[in-house]
Structure formats: C-alpha cells, structure tokens
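Written out below as structure tokens is the structure these notes cover.
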Amino acid sequence: MISIPVSAASHSRFVSVSRWLCIVGYLIAAAVFVTSAISGHNQAQAILKDAVTVQAPVKLDRIEESRRKGRTTLKYHFSYTFEANGVPYKGEFMTAEDSAGQYLEEDAQVQVAYARANPANFERADRLQGMQGLGAVLGRLCVALGMLAILAFVVHLLLTRKLIVPREPALPAA
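Sequential numbering from 74 applies to the sequence shown in this note's numbering.
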C-alpha cells in the first residue's frame with residue numbers, strides 16, 4: 074500500500090480532520106439508513122392496514138452476470154403485472170441465484186398486496202411482512218449502523234496509519 078510520509082504536525086492535523094470527516098460521513102450514512110428503514114416500515118403499514126392481496130404472474134426479464142475474484146454470481150431480474158380497479162400495475166424485483174428457483178417454475182406467481190385506497194402503493198407480500206414489524210426493522214437497523222460504525226473506524230485507521238503516516242525522524246550522521 075502507498076504511504077505518504079508527512080511531518081508530525083501535519084499528521085496530527087490530518088488525524089483530526091480524518092476523524093471529523095469519518096464522523097460526519099457516518100452520521101450522513103446513518104441518517105440515510107434510518108430514513109430508508111422508517112420509510113419502508115411506514116409504507117408497509119400504509120399498505121397492510123387496508124390491504125388487498127392478489128396473485129400476479131412472474132416473468133423473468135433478464136439475468137445479470139458478474140465476475141469477481143474468479144467467482145461468478147447471477148442476479149435474476151423479474152417483473153410482475155396485476156390489475157386493480159381496471160388499471161394495470163407493474164412491479165419489478167431482483168433476487169440472487171439461490172432464491173430465484175421458486176420464480177423460475179412454470180406459471181410462477183407472486184403474492185402482491187396493495188392499498189385499497191391507493192392501488193399504486195403496492196409491494197410483494199413477503200417483503201411487506203419483513204418491513205411490517207418495527208422491532209425487526211429496528212434490529213436490522215442497529216446491526217447495519219454497528220457495521221457502518223466499524224467501517225468508518227477502519228477507514229479512519231487506514232487513512233491515518235497506512236496512507237498518511239508521520240515522517241520518520243532523520244538519523245544523525247555518523
């Protein structure tokens with residue numbers, strides 16, 4: 074890894090700046106995570122309090138292949154359509170290869186729930202169940218925020234101890 078030696082005073086200032094940048098970055102990312110989790114929970118609550126469920130046929134749109142470190146992973150992109158009050162709606166979702174089997178079967182269907190008052194507010198029923206319970210959402214959020222804190226700390230350490238390092242004092246001439 075590249076190391077950039079700087080004076081001790083500059084390194085001290087950089088450590089302080091890095092600390093603050095990592096804290097601010099963590100807080101911004103945490104705010105995005107919290108907002109997303111609460112928004113998903115609120116959407117699930119809005120749909121499920123006045124829900125209508127329908128079975129919608131699933132169609133495979135495409136398979137996305139990615140290679141990383143010699144491993145190939147496949148992501149399956151599916152779509153489904155349903156009709157509510159005479160208006161067609163289309164939804165999409167993606168799943169990993171190990172979870173795609175049930176949607177690849179002949180005449181595969183997915184259960185969709187939509188709000189009776191606003192059919193445009195819909196989601197797959199299995200996703201709504203995961204977002205419905207506030208305890209489960211907060212549990213996943215705590216785990217995500219903990220992992221994010223560890224990541225911010227590791228980034229700070231890499232910046233201040235590996236990338237920008239204090240210059241070694243010069244040895245006296247012999």
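Beta carbons are placed, not taken as given, at the ideal position from N, Cα and C, and that holds for glycine. Since the structure is predicted, the reported quantities are computational estimates derived from the model, not experimental observations.
- For the 9 Å CB-CB criterion, residue 159 and residue 195 do not form a contact.
- Here residue 95 is not near residue 183, since their CB atoms are 9 Å or more apart.
- Here the alpha carbons of residue 150 and residue 168 stand approximately 7 Å from one another.
- Secondary structure at residue 75: coil, using DSSP grouped into helix, strand and coil.
- Note that the C-beta distance between residue 152 and residue 134 is below 9 Å.
- The criterion of a C-beta distance shorter than 9 Å is satisfied by residue 76 and residue 236.
- Around the CB of residue 177, fewer than 16 other CB atoms lie within 10 Å, so the residue is classed as exposed.
- Nearest to residue 162 by alpha-carbon distance, out of 139, 131, 78, is 131.
- A Cβ-Cβ distance of about 10 Å is found for the pair residue 190 and residue 124, leaving them out of contact under the 8 Å criterion.
- The secondary-structure analysis by DSSP pairs residue 151 across a beta bridge with 133, 166.
- Collapsing the DSSP output to three states places residue 193 in coil.
- The segment 104 to 117 makes contact with the segment 199 to 209, as at least three CB pairs between them are under 8 Å.
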